[in-house]
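Structure first, commentary second.
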Amino acid sequence: MNATKARARRGASIGRADARRSGPMVGVAAAPGDKSISHRALILGALAKGETRISGLLEADDVLRSAAAMRELGAEIERDRGPDGTVWRVEGATWTAPERPLYLGNSGTGVRLIMGAAAGAHVAASFDGDVSLRARPMGRILEPLRMMGVEAADREGRLPVTMDVCEDLKAINVKLATPSAQVKSAILLAALGADGVTRVHEPELCRDHTERMLAAFGASLSMTPDGEGGRFIEIAGGQGLRACHVAVPGDPSSAAFPLAAALITEGSVVTLKGVLINPLRIGFYETLKEMGADITFENEREENGEPVADIRARYSLLHGVEVPAARAPSMIDEYPILAIVAAHAHGETMMRGLGELRVKESDRIACVEAGLAAIGGDVASGPDWLRVRGKGPGTKGGLKGGALIKTHHDHRIAMSFLVAGLASEKTVEIDDASMIATSFPEFFDLMMSLGGDLGPV
1 MNATKARARR GASIGRADAR RSGPMVGVAA APGDKSISHR ALILGALAKG ETRISGLLEA
61 DDVLRSAAAM RELGAEIERD RGPDGTVWRV EGATWTAPER PLYLGNSGTG VRLIMGAAAG
121 AHVAASFDGD VSLRARPMGR ILEPLRMMGV EAADREGRLP VTMDVCEDLK AINVKLATPS
181 AQVKSAILLA ALGADGVTRV HEPELCRDHT ERMLAAFGAS LSMTPDGEGG RFIEIAGGQG
241 LRACHVAVPG DPSSAAFPLA AALITEGSVV TLKGVLINPL RIGFYETLKE MGADITFENE
301 REENGEPVAD IRARYSLLHG VEVPAARAPS MIDEYPILAI VAAHAHGETM MRGLGELRVK
361 ESDRIACVEA GLAAIGGDVA SGPDWLRVRG KGPGTKGGLK GGALIKTHHD HRIAMSFLVA
421 GLASEKTVEI DDASMIATSF PEFFDLMMSL GGDLGPV
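The UniProt record's numbering puts the sequence shown at residues 1 to 457.
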């Protein structure tokens with residue numbers, strides 16, 4: 001038994017984990033299903049008339065919390081294993097008030113979208129989550145819902161939240177203060193049950209999976225450019241949804257970790273199959289190409305109205321770049337792993353417009369800065385920016401490692417610093433790997449299958 005497998009076997013219950021300098025990462029793997037699309041497929045399927053079939057659903061903790069919430073609201077959900085793989089069957093229903101608070105664990109996407117959908121379905125519901133989710137802002141969701149007529153009690157803009165029934169939900173005309181697909185989606189889902197036409201002004205484009213999936217489920221909505229790079233979205237209330245089949249593509253945010261590992265580990269060539277390449281989700285890959293990465297989209301195609309490709313990454317000599325602030329919405333979850341890549345590049349990488357990172361599962365700017373500094377990185381930050389100065393790859397540059405990183409219960413911080421360990425001079429250890437299951441339960445198995453030396457301690 002090799003060392004990697006032996007270390008993995010010790011991790012029946014994952015707490016601490018570490019990663020050490022590895023040989024080349026080589027191979028082909030399938031990316032886990034996209035988390036954003038998985039949440040939406042379950043929610044819209046639960047609202048729709050008929051049976052929705054979902055293939056490729058991400059079976060991670062966050063998504064399973066949404067599935068459980070849909071059952072509490074009245075939908076019938078079954079997981080079937082057939083000759084063509086696993087299919088989730090969702091029989092939509094008229095939602096009814098749940099008997100207990102809907103507990104969404106660590107899932108910000110799940111709780112925020114379900115709040116909007118519950119308002120549109122005219123049901124009363126209470127929402128709660130774990131310690132991390134309780135610290136995240138919910139006022140940005142509650143404000144537009146209150147404009148529509150919802151009455152809600154909250155803990156100073158945070159969970160737990162209790163929403164009352166609003167039978168006379170009103171359409172609104174609202175401009176998004178910050179580019180947030182979660183806020184936009186909550187409004188659009190609530191608008192399905194509102195009286196009149198709801199109009200959302202999106203000054204900066206962000207993920208459009210809700211709009212695409214609403215159309216796939218038979219809803220009518222219009223999108224009009226605002227002439228300044230944004231757009232207006234209009235949707236009439238009173239629309240019903242029709243069940244459909246959803247094939248969930250691979251998650252570009254999860255694919256970022258093995259592909260980044262390939263770029264900074266000498267001799268590596270890794271291909272991730274079937275990854276979503278929606279233009280509003282690939283800012284990370286655009287940035288890597290600007291840094292000189294040998295990264296290509298192959299076998300490009302369209303599935304269920306979403307563009308998909310196989311993404312291949314090869315070890316590359318990289319250079320620092322200025323990442324435009326306008327790109328932040330399309331790569332907001334990938335800045336921690338980009339910072340690790342930037343530490344292996346020649347020169348300075350400057351990332352701006354990152355204020356949203358302060359209110360994710362953790363303060364990701366602070367976590368990245370502290371973690372990189374602990375393993376030998378040259379890093380600085382401000383309220384909404386992060387700067388990394390890389391010295392190039394290898395023993396003369398790169399990262400020294402040799403530290404224990406505090407993850408602050410953040411899955412992307414955990415995975416980013418484990419990737420860092422694969423190309424560091426000394427082992428990098430993280431204090432907690434348990435939350436990785438919220439988005440990427442196959443992370444360790446996939447990374448080890450490609451040659452990574454990492455696992456539970």
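We put the CB at the ideal spot given by N, CA and C, even for glycine. Quantities reported herein were computed from a predicted structural model and do not represent experimental measurements.
Can residue i and residue j be called in contact, C-beta distance under 7 Å?
{"i": "LEU57", "j": "SER36", "result": "no"}
{"i": "MET351", "j": "VAL368", "result": "no"}
{"i": "ILE235", "j": "THR198", "result": "yes"}
{"i": "ALA124", "j": "VAL165", "result": "yes"}
{"i": "ILE436", "j": "HIS411", "result": "yes"}
{"i": "GLY353", "j": "ALA325", "result": "yes"}
{"i": "ILE375", "j": "LEU404", "result": "no"}
{"i": "ILE141", "j": "ARG112", "result": "yes"}
{"i": "ILE119", "j": "LEU422", "result": "First, the residue type needs correcting, since residue 119 is Ala and not Ile in the sequence shown. In this structure, LEU422 does not lie closer than 7 Å to ALA119 by Cβ."}
{"i": "LYS426", "j": "GLY452", "result": "no"}
{"i": "LYS406", "j": "ASP431", "result": "yes"}
{"i": "ALA219", "j": "GLU303", "result": "no"}
{"i": "LEU73", "j": "PRO98", "result": "yes"}
{"i": "ASP34", "j": "SER107", "result": "no"}
{"i": "GLY229", "j": "GLU202", "result": "no"}
Keeping to the same chain, check which residues put their C-beta closer than 6 Å to that of residue i; ignore five residues upstream and five downstream.
{"i": "PRO101", "result": "SER126, ASP128"}
{"i": "LEU169", "result": "MET148, GLY149, GLY193, ALA194"}
{"i": "HIS245", "result": "ARG53"}
{"i": "ALA181", "result": "CYS206, ARG207"}
{"i": "PRO441", "result": "ALA60"}
{"i": "GLU356", "result": "ILE332"}
{"i": "MET1", "result": "Residue placement at MET1 cannot be trusted, given a pLDDT of 33 that sits under 50; the coordinates are not used to answer."}
{"i": "ASP294", "result": "ARG314, SER316"}
{"i": "ALA433", "result": "ILE14, ALA17, ALA414"}
Taking only the alpha-carbon atoms, compute the straight-line gap between residue i and residue j and give it to the nearest angstrom.
{"i": "VAL200", "j": "THR438", "result": "30 Å"}
{"i": "ALA190", "j": "SER362", "result": "28 Å"}
{"i": "GLU204", "j": "VAL270", "result": "33 Å"}
{"i": "ALA366", "j": "ARG358", "result": "8 Å"}
{"i": "ALA17", "j": "GLY105", "result": "22 Å"}
{"i": "VAL87", "j": "PRO307", "result": "21 Å"}
{"i": "ALA171", "j": "PRO144", "result": "10 Å"}
{"i": "THR162", "j": "ASN173", "result": "24 Å"}
{"i": "ALA215", "j": "ILE233", "result": "13 Å"}
{"i": "ALA3", "j": "ILE14", "result": "Below a pLDDT of 50, predicted positions are generally treated as unreliable, and ALA3, at 44, falls in that range; no measurement from the model is reported."}
{"i": "TYR103", "j": "LEU159", "result": "10 Å"}
{"i": "ALA6", "j": "SER268", "result": "Any reading at ALA6 must be qualified, since the residue scores a pLDDT of 42, below 50, and its modelled position is unreliable; the value itself is stated next. Using only the alpha carbons, I get a separation of about 23 Å."}
{"i": "ALA153", "j": "SER66", "result": "22 Å"}
{"i": "PRO225", "j": "GLY23", "result": "48 Å"}
{"i": "GLY250", "j": "SER222", "result": "27 Å"}
{"i": "ARG134", "j": "SER381", "result": "26 Å"}
{"i": "ALA345", "j": "PHE217", "result": "44 Å"}
{"i": "THR296", "j": "LYS289", "result": "9 Å"}
{"i": "GLU429", "j": "ARG364", "result": "18 Å"}
Report all residues from its chain with a CB closer than 8 Å to the CB of residue i; omit the five preceding and five following residues, and keep chain order.
{"i": "VAL379", "result": "ALA339, ALA343, VAL368, GLU369, LEU372, ALA373, LEU386, ARG387, VAL388, ARG389"}
{"i": "residue 464", "result": "Outside the displayed range of the chain (1 to 457) lies residue 464, so it cannot be described from this structure."}
{"i": "VAL183", "result": "ARG112, ARG140, ILE141, PRO144, LEU176"}
{"i": "ILE337", "result": "ALA256, PHE257, ALA260, PHE284, ARG412, MET415, SER416, VAL419"}
{"i": "ARG40", "result": "LEU113, SER185, HIS209, THR210, MET213"}
{"i": "ILE43", "result": "SER66, MET70, LEU113, ILE114, ALA117, LEU189"}
{"i": "ARG301", "result": "PRO307, VAL308, ALA309"}
Mind reading off the beta-carbon distance from residue i to residue j? Whole number of angstroms is fine, and I expect it under 8 Å.
{"i": "GLY157", "j": "GLY139", "result": "3 Å"}
{"i": "ALA261", "j": "MET447", "result": "7 Å"}
{"i": "TRP95", "j": "ALA121", "result": "4 Å"}
{"i": "ARG327", "j": "THR287", "result": "7 Å"}
{"i": "SER132", "j": "GLY85", "result": "Actually they do not touch by this definition, with Cβ atoms about 32 Å apart."}
{"i": "GLY394", "j": "GLU348", "result": "The pair is not a contact, with the Cβ atoms about 19 Å apart (cut-off 8 Å)."}
{"i": "LEU318", "j": "VAL341", "result": "7 Å"}
{"i": "GLY196", "j": "GLY240", "result": "Contact doesn't hold; Cβ gap of about 17 Å is too wide."}
Could you name the residues of the same chain whose beta carbon sits closer than 7 Å to that of residue i, not counting the 5 residues immediately before and after it, in chain order?
{"i": "ALA255", "result": "ALA31, LEU272, VAL275, ILE311"}
{"i": "ALA243", "result": "GLY45, ALA48, LYS49, GLY50, GLU51, THR52, GLY92"}
{"i": "GLU334", "result": "SER253, ALA256, PHE284"}
{"i": "ASN278", "result": "GLU306, PRO307"}
{"i": "ILE187", "result": "GLY116, PRO144, VAL174, THR198, VAL200"}
{"i": "LEU450", "result": "MET25, VAL26, GLY27, ALA29, PRO258, VAL270"}
{"i": "GLY377", "result": "ALA343, VAL388, LEU399"}
{"i": "ILE282", "result": "PRO252, SER330"}
### Query
Can you list, in chain order, the stretches of the beta strand (DSSP E) that have 3 or more residues and sit fully within the stretch 173-259?
For the stretch 173-259, whole beta strand (DSSP E) runs of length 3 or above, ordered along the chain, are 173-175, 197-202, 221-225, 231-236, 245-247.
### Task
Kindly provide the ranges of any alpha helix (DSSP H) runs that are 4 or more residues long and lie completely inside the stretch 409-447, ordered along the chain.
411-422, all fully within the stretch 409-447.
### Any alpha helix (DSSP H) of 4 or more consecutive residues that is wholly inside the stretch 55-82
DSSP runs (the alpha helix (DSSP H)) wholly in the stretch 55-82: 61-72.
### Runs of alpha helix (DSSP H) lying entirely within the stretch 333-384, each at least 4 residues, in chain order
Fully enclosed alpha helix (DSSP H) runs of 4 or longer: 335-342, 364-374.
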